[in-house]
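Numbers -21 to -1, 1 to 234, taken from mature numbering (1 follows the signal peptide of the UniProt record, and there is no 0), label the letters of the sequence shown in order.
Since the structure comes first, as structure tokens, the remarks are kept for the end.
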Amino acid sequence: MALQWLVLTVALLLDVLPCDGDGLRDRIVGGKDVSPHSRPYMAALLLDGVHECGGFLISDQWVMSAAHCFTADLKGTHTVLLGAHSLNNREDTQQEFGIAALYPHPRFSMSYDNDIVLLKLDRRVSWTPGIQSIRFQRGGEEVPEGTVCRVAGWGWVNNVGIKPENLQEVEVKVISHQLCSRRDYYGGRITSNMMCAGQQGKDSCQGDSGGPLVCNGVATGITSFGWTRCGKPKNPGVYTVISHYTQWIRKMMRL
């Protein structure tokens, strides 16, 4: 599994990238399959039945994801799949939904600042052990440097579109904003609305933008972007800081 990322220098329409010069990459770096349905908040965003991005359930009718997943002018039908472990096999636990309303952050930019979107499902979910919401961070202190967090998704196994059989997850460590903003990391590209996480040999790559960065059991970030060489210590994953959008989220969910 490799979480879906966009290279900063590549057009948004591509929505995929090779992780290194020779193209092929194994799975999410340092990751592994999770136990079936042990991440019941995970959502797969589909376009005409094909997996495009990840997301996560935050209430009985709302999913959170990354705004850049919806910037390309793609024709087709978007749906949200919940309760999935494998995307290759139909499971009794799965429920599929249409999107009744789409709310990207109004200040989302090509620099990936404010990379957050809310999806209102066309009906309420039926709660099951395999479909549950996750609590997201609404405020308080920033996640301390060195905190071990988790990222999950169904991303590409390599750059020709082969995907893993099951949901995968990797553990990453939070990197300080100061360090991630250094010139030899991402320089001025990292805004106050972003946080970085990764470590040598463990990282997310192409496959599942929009999935949650889960720290201490709480969705703290949204998978946003990364650099071409996944798993490199100076090119960690970059995530949208959810707690910066609490008021906007509440406003949208009242509509």
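Glycine included, each C-beta is placed from N, C-alpha and C at the ideal position.
Remember, it's a predicted structure, so these values are computed and weren't measured experimentally.
Cα-Cα separation, LEU25 to LEU192: Position 46 of the sequence shown, counting from 1, holds the residue named residue 25. Position 213 of the sequence shown, counting from 1, holds the residue named residue 192. LEU25 and LEU192: Cα-Cα distance of roughly 20 Å.
What does the alpha-carbon distance come out to for the pair ASP92 and LEU234? For the purposes of this step, residue 92 is taken as the residue at position 113 of the sequence shown. For the purposes of this step, residue 234 is taken as the residue at position 255 of the sequence shown. A direct Cα-to-Cα measurement between ASP92 and LEU234 gives close to 24 Å.
Own chain residues within Cβ distance below 6 Å of GLY177, not counting five before or after: Along the sequence shown, one-based indexing puts residue 177 at 198. Cβ within range, chain order: VAL151, PRO215 and GLY216.
Sheet register partners of PRO143 (DSSP bridge): As a position in the sequence shown, residue 143 is number 164, starting the count at 1. According to DSSP, PRO143 bridges with nothing at all.
Taking one C-beta from the stretch 77 to 92 and one from the stretch 37 to 56 each time, how about it: are there three or more such pairs within less than 8 Å? With the rule of 3 Cβ pairs closer than 8 Å, the stretch 77 to 92 counts as touching the stretch 37 to 56.
Reduced DSSP category for ALA51 - H, G, I as helix; E, B as strand; rest coil: Here residue 51 refers to the residue found at position 72 of the sequence shown. DSSP, reduced to helix, strand and coil, places ALA51 outside both helices and strands of the structure shown, so it counts as coil.
DSSP state of GLN157 mapped onto helix, strand, coil: Sequence index remark: in the sequence shown, residue 157 carries index 178 (1-based). The answer is helix: DSSP assigns GLN157 an H, G or I state.
Rank ARG18, VAL96 and GLN74 by C-alpha distance to the C-alpha of LYS230 and give the top, closest one. Along the sequence shown, one-based indexing puts residue 230 at 251. Ranked by Cα distance from LYS230, the options ARG18, VAL96 and GLN74 are led by VAL96.
Relative to the C-alpha of ARG114, which residue among THR126, ASP39 and MET173 is closest? Sequence index remark: in the sequence shown, residue 114 carries index 135 (1-based). Nearest option by C-alpha distance: ASP39.
Enumerate in chain order the residues of its own chain whose CB-to-CB distance from ALA79 is below 7 Å, with the five nearest sequence positions on each side excluded. Within the sequence shown, the letter at position 100 stands for residue 79. Taken in chain order, the residues that qualify are LYS99, LEU100 and ASP101.
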